[in-house]
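Colleague: Before anything else, here's the structure in question.
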Amino acid sequence: MLKALIIFFGILALGYAASVGTASDASEVCQSQDELWGGEDIRKFYFCLDGKVIADECDSGYYFVNNATISGCLPSDLMKPSCVNLDTKVPDCTGTSKLQPQAADDVASFYLCTSEGATLLSCPDGKAFVSQDGYLGCFAWSEWRSLRNCVDD
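Those letters in the sequence shown? Residues -17 to -1, 1 to 136, by mature numbering (1 follows the signal peptide of the UniProt record, and there is no 0).
In structure tokens form, the structure reads like this:
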């Protein structure tokens, strides 16, 4: 009897985990047959073709927007300022920039000073870089959006 209960709860847990994983993943489920949609990563967008989700990404310096007036990739200077890194530069690796990572133009990348100078590194997939209000490092896109106040209006 105990073995049957353990198997039952194991199957129940696997079923729940599977349903949670696919329902929240924008790249798994067709949300629209005739419109583009974005996910947490503001650089990426998706569309359906023959019932399958096709993922694409905006060019460097562009970010995906889908609202009442526009749907597509916008240059960073037309984006909400809290959603992009404007006016970033390669750090000179002195002072604070030598001691901690610095933001890069691409919100999913950062500079780290090494013995060779400033090195551009990328956050792991599914994460973006934050350096503000005591937060420093790569965070999941949902956390990044919250910390940066980059939410849909």
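A virtual CB, placed ideally from N, CA and C, is assigned to each residue, including glycine. As the structure is a computational prediction, the values presented were derived from the model and not from experiment.
Rounded to whole angstroms, what is the Cα-Cα separation between GLY109 and PHE93?
Modeller: Whole-angstrom Cα-Cα distance: 15 Å.
Colleague: Looking only at DSSP bridge pairs, what is GLN115 linked to?
Modeller: In DSSP, GLN115 forms a bridge with TYR118.
Colleague: Using CA coordinates, which residue listed in ASP88, LEU95, SER98 and ALA38 is at the minimum distance from TYR45?
Modeller: The option with the nearest alpha carbon to TYR45 is ASP88.
Colleague: Within the stretch 40 to 91, note down every full beta strand (DSSP E) run reaching 3 residues or more, in order along the chain.
Modeller: As far as the stretch 40 to 91 is concerned, its whole beta strand (DSSP E) runs of at least 3 residues are 45 to 49 and 54 to 58.
Colleague: In this structure, does DSSP put LEU130 in helix, strand or coil?
Modeller: The answer is helix: DSSP assigns LEU130 an H, G or I state.
Colleague: Along the chain, where does the beta strand (DSSP E) containing LEU32 start, and where does it finish?
Modeller: 27 to 32 is the span of the beta strand (DSSP E), which, as asked, contains LEU32.
Colleague: Any chance the stretch 54 to 65 sits against the stretch 74 to 84, with 3 or more Cβ pairs inside 8 Å?
Modeller: No: fewer than three Cβ pairs fall under 8 Å.
Colleague: Hey, how far is the Cα of GLY120 from the Cα of PHE30?
Modeller: About 31 Å.
Colleague: Run the CB neighbour count on ASP24, radius 10 Å, all protein chains shown included, and call it buried at 16 or more, exposed below.
Modeller: The residue is buried, with at least 16 neighbouring Cβ atoms inside 10 Å.
Colleague: Taking just the CA atoms, how far does LYS63 sit from ARG26?
Modeller: In a straight line, the C-alpha of ARG26 is about 14 Å away from that of LYS63.
Colleague: Note down the Cα distance separating THR5 from LEU130, rounded to an integer number of angstroms.
Modeller: Annotation note: pLDDT 32 at THR5 (below 50); position unreliable, no value reported.
Colleague: Can you list, in chain order, the residues of its chain whose CB lies under 8 Å from that of SER7, leaving out five sequence neighbours each side?
Modeller: Because the pLDDT of SER7 is 39, which lies under 50, any placement of that residue in the model is unreliable, and the question is left without a value.
Colleague: Answer with buried or exposed for VAL113, where buried requires no fewer than 16 other C-beta atoms within 10 angstroms of its C-beta.
Modeller: Buried: at least 16 other Cβ atoms inside 10 Å.
Colleague: Quick one: residues in its chain with C-beta nearer than 7 Å to the C-beta of ALA123, no 5 flanking neighbours on either side, listed in chain order?
Modeller: Taken in chain order, the residues that qualify are GLY109 and LYS110.
Colleague: Closest to CYS133 by CA distance: which of THR102, ILE37 and PHE47 is it?
Modeller: Comparing Cα-Cα distances from CYS133 to each of THR102, ILE37 and PHE47, the minimum goes to PHE47.
Colleague: DSSP three-state call for SER15: helix, strand or coil?
Modeller: SER15: coil per DSSP, three-state reduction.
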